[in-house]
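Report on the structure given below.
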Amino acid sequence: MPERTTSARKVARRLGVSHTAVQKAERVGRITREPDGSWDFDRVRRDMAETARPGRSPLAPPMEATVLGRLIIARLALPVESQRLALDRSKGRLIDIAAADARIDEIACAMRDALLNWPARVSGQIAAQIGAEPHLVQTLLQEHVAVLSNDMADRFERQAVTL
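When the count follows the numbering used here, it moves up by one through the sequence shown with no breaks and lands on 1191 for the last residue.
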């Protein structure tokens, strides 16, 4: 049988809180008396713990153990993160996404152009080394580079679709 008492002061002493804390919790509806007017210690302890504000009540579970506690921690961490981002921005460690995209496009275009011009630059040297016609070597290299370029374009397109 659950342990009961009619004294709010006894409940407060047993829970390790003040008498006014018990009164206030009853007034706002966090805890209620039994139908006969007595207090059930186990139910009062459970109800007080479930509704206690983390960090303010000795009955409250640790901050990270409750949804409210995690929200309070997040609310405290948000200004800190905002200040860190502002500091990174002022020190030039962050760049605008449009600027980053433009730079990536510029690098990718330069790499594509270098790859497409490569057969014309090296075909004469390769032809001389193997004793073949330079135009034939250049044509073969261009065909293989085109296949490679198309394969890479398809691969990037599939990755972009899955994102």
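For each residue, glycine too, the CB sits at the ideal point set by N, CA and C. Every value quoted in this text rests on a predicted model; they were computed, and no experiment measured them.
- Query: Going by DSSP, what residues sit across from Thr1033 in a beta bridge?
  - Reply: Partner(s): Trp1067.
- Message: Could you give the first and the last residue of the continuous alpha helix (DSSP H) run that contains Lys1052?
- Response: 1047-1056
- Message: In the DSSP assignment, the alpha helix (DSSP H) including Ser1177 goes from what residue to what residue?
- Response: Residue range 1162-1190 is occupied by the alpha helix (DSSP H) that includes Ser1177.
- Message: Looking only at its chain, what residues have a beta carbon closer than 7 Å to the beta carbon of Pro1147, apart from the 5 residues adjacent to it on each side?
- Response: Gln1166, Leu1169, Gln1170, Val1173
- Item | Coarse secondary structure for Gly1044, derived from DSSP in three states | coil
- Task: Return the CA-CA distance between Phe1184 and Arg1121, expressed in angstroms with no decimal places.
- Result: 28 Å
- Task: Using a threshold of 8 Å, state whether the C-beta atoms of Arg1037 and His1047 are closer than that.
- Result: yes
- Task: Over the uninterrupted alpha helix (DSSP H) stretch that includes Met1139, give me the two end residues.
- Result: 1125-1158
- Item | CA-to-CA distance, Glu1078 to Ser1066, given in whole angstroms | Cα-Cα distance, rounded: 20 Å.
- Message: Measuring only the C-alpha atoms, how far is Lys1052 from Val1189?
- Response: Near 57 Å, if we compare the C-alpha coordinates of Val1189 and Lys1052.
- Message: Looking only at its chain, what residues have a beta carbon closer than 7 Å to the beta carbon of Val1039, apart from the 5 residues adjacent to it on each side?
- Response: Thr1033, Val1050, Trp1067, Phe1069, Val1072
- Indicate the three-state DSSP secondary structure (helix, strand or coil) for Lys1038 in the structure shown. helix
- Which of helix, strand or coil does DSSP assign to Pro1107? In the three-state reduction of the DSSP assignment, Pro1107 falls in the helix class, which pools H, G and I.
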